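Enquirer: According to the working numbering, the sequence shown is numbered sequentially starting from 1.
We put the CB at the ideal spot given by N, CA and C, even for glycine.
Note that the structure is a prediction, hence the values are computed from the model and not measured.
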Amino acid sequence: MTGAQAGGIHGVVKALPLKMIVAAALVSCGFAQGQQSAPAGVMNSAVAAVSKLGVEVVQGHFQVAVDQMNPIWKDRMAARVGGMEKLKEKLNEVPLQMVAQGISMLSFKPVGQPTSFEVWPGKKVETVNGQQVETLVYTKWLVFVPTETRFRIVRENERPLEIQSNGFQVAITDKDKSEWTFIDGSGLSISDLRSMFINLPMDIQLPKLEKKEVR
1 MTGAQAGGIH GVVKALPLKM IVAAALVSCG FAQGQQSAPA GVMNSAVAAV
51 SKLGVEVVQG HFQVAVDQMN PIWKDRMAAR VGGMEKLKEK LNEVPLQMVA
101 QGISMLSFKP VGQPTSFEVW PGKKVETVNG QQVETLVYTK WLVFVPTETR
151 FRIVRENERP LEIQSNGFQV AITDKDKSEW TFIDGSGLSI SDLRSMFINL
201 PMDIQLPKLE KKEVR
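1. Any chance you could list the beta strand (DSSP E) runs of at least 3 consecutive residues sitting entirely within the region 109 to 173, in chain order?
2. For my contact list, G226 and L209 are in at a C-beta cut-off of 8 Å; report their separation, rounded to the angstrom.
3. Of all the options E118, Q169, E134 and T149, which has the alpha carbon lying nearest to the alpha carbon of D176?
4. What number of angstroms, rounded off, separates the C-alpha of I183 from the C-alpha of V170?
5. Contact check, R150 vs S107 under 8 Å by CB: the rounded distance?
6. When burial is assigned at 16 or more other CB atoms within 10 Å of the CB, is G82 buried or exposed?
7. Output yes or no for whether 8 Å exceeds the beta carbon distance between S165 and W141.
8. So F168 packs on T147, CB below 8 Å; how close in whole Å?
9. List the whole-angstrom C-beta distance separating V50 from V145, where the pair is believed to meet the contact cut-off of C-beta under 8 Å.
10. Pick helix, strand or coil for M43, following the three-state DSSP scheme.
11. With the cut-off set at 8 Å, would you say V66 and L91 are in Cβ contact?
12. Taking DSSP's pairing of strands, which residues face F182 in a bridge?
13. Beta carbon of K211, beta carbon of I163: below 8 Å?
14. Please state the DSSP three-state secondary structure of K90.
15. Which residue or residues does DSSP assign as beta-bridge partners of M84?
16. Could you give the first and the last residue of the continuous beta strand (DSSP E) run that contains K212?
17. In three-state DSSP terms, what is S107?
What follows is the structure in structure tokens.
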């Protein structure tokens, strides 16, 4: 569950959030190249959070997916459809549309190997030899969690279809917490993701999306 243009370069700079300006500076000075992989515990936490989300959605608790959507992405989606209330209306219509079309969700689960990235530059102050030293650090983890979702489509006078959809969730949390928010990978582009997390590697690849009939 997905810029600003002003007159000349000065308008663009003014329109950019401070975090993005700082991140761009870090990229230019090479700081963004020092990516560290998330510890196993963080990866396991992300996968477990996606698994829990899947259980809720399969049970029809779609509001959980709305509530746990990454707030930056939720704001962007709301802006695209005319506001937060419009977005909520559209998301609330999804289960009704599924029922009307004879679609039911059978399962939603994480599969395969997750991939992690450090994002959201910030500052950390430490005491070194009695002096306060400020260092630049990444403050959030971003994890690609591949998923497999199965749907059944029931059509009148026809054999029911079972569809397997392979996609991914982007799970994001502060490094000092395990409070994950999510961006659904369907319809997400690299440019969408990079516009929110500008320090992502230049050669980043999104997990593949694939749909096929299960026989």
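Expert: Once the coordinates are examined:
1. If you keep only unbroken beta strand (DSSP E) runs of at least 3 residues inside the region 109 to 173, you get 115 to 128 and 131 to 153.
2. Nothing about residue 226 can be read from this structure; the chain reaches only from 1 to 215.
3. On the sequence shown, position 176 is the one that residue 176 refers to. Ranking the options by Cα distance to D176, first place goes to E118.
4. Within the sequence shown, numbered from 1, the residue matching residue 183 stands at position 183. Within the sequence shown, numbered from 1, the residue matching residue 170 stands at position 170. So the two alpha carbons sit approximately 5 Å from each other.
5. The sequence position of residue 150 within the sequence shown is 150, counting from 1. The sequence position of residue 107 within the sequence shown is 107, counting from 1. So it is a contact: roughly 5 Å between Cβ atoms.
6. Residue 82 sits at position 82 when you count from the first residue of the sequence shown. Counting other Cβ atoms within 10 Å of its Cβ, G82 stays below 16 and is therefore classed as exposed.
7. Residue mapping note: residue 165 aligns to position 165 of the sequence shown, counting from 1. Residue mapping note: residue 141 aligns to position 141 of the sequence shown, counting from 1. Cβ atoms of S165 and W141: not closer than 8 Å.
8. Here residue 168 refers to the residue found at position 168 of the sequence shown. Here residue 147 refers to the residue found at position 147 of the sequence shown. At roughly 6 Å, the Cβ-Cβ gap stays under 8 Å, so F168 and T147 are in contact.
9. Counting from 1 along the sequence shown, the entry for residue 50 is found at position 50. Counting from 1 along the sequence shown, the entry for residue 145 is found at position 145. Correct: roughly 5 Å between the Cβ atoms.
10. Residue mapping note: residue 43 aligns to position 43 of the sequence shown, counting from 1. The answer is helix: DSSP assigns M43 an H, G or I state.
11. As a working note, residue 66 is residue 66 in the sequence shown. As a working note, residue 91 is residue 91 in the sequence shown. Yes, these two residues count as a Cβ contact at 8 Å.
12. Here residue 182 corresponds to residue number 182 of the sequence shown, with the count starting at 1. Note: F182 sits in a beta bridge opposite M69 and A171.
13. Along the sequence shown, one-based indexing puts residue 211 at 211. Along the sequence shown, one-based indexing puts residue 163 at 163. Inclusion of K211 and I163 in the CB contact set at 8 Å is warranted, their separation being smaller than that value.
14. Looking up residue 90 in the sequence shown gives position 90. The answer is helix: DSSP assigns K90 an H, G or I state.
15. Position 84 of the sequence shown, counting from 1, holds the residue named residue 84. Beta-bridge pairing links M84 to no other residue.
16. Here residue 212 refers to the residue found at position 212 of the sequence shown. Here the beta strand (DSSP E) through K212 covers E210 to E213.
17. Position 107 of the sequence shown, counted from the start, is the residue given in the question as residue 107. Here S107 sits in strand by DSSP.
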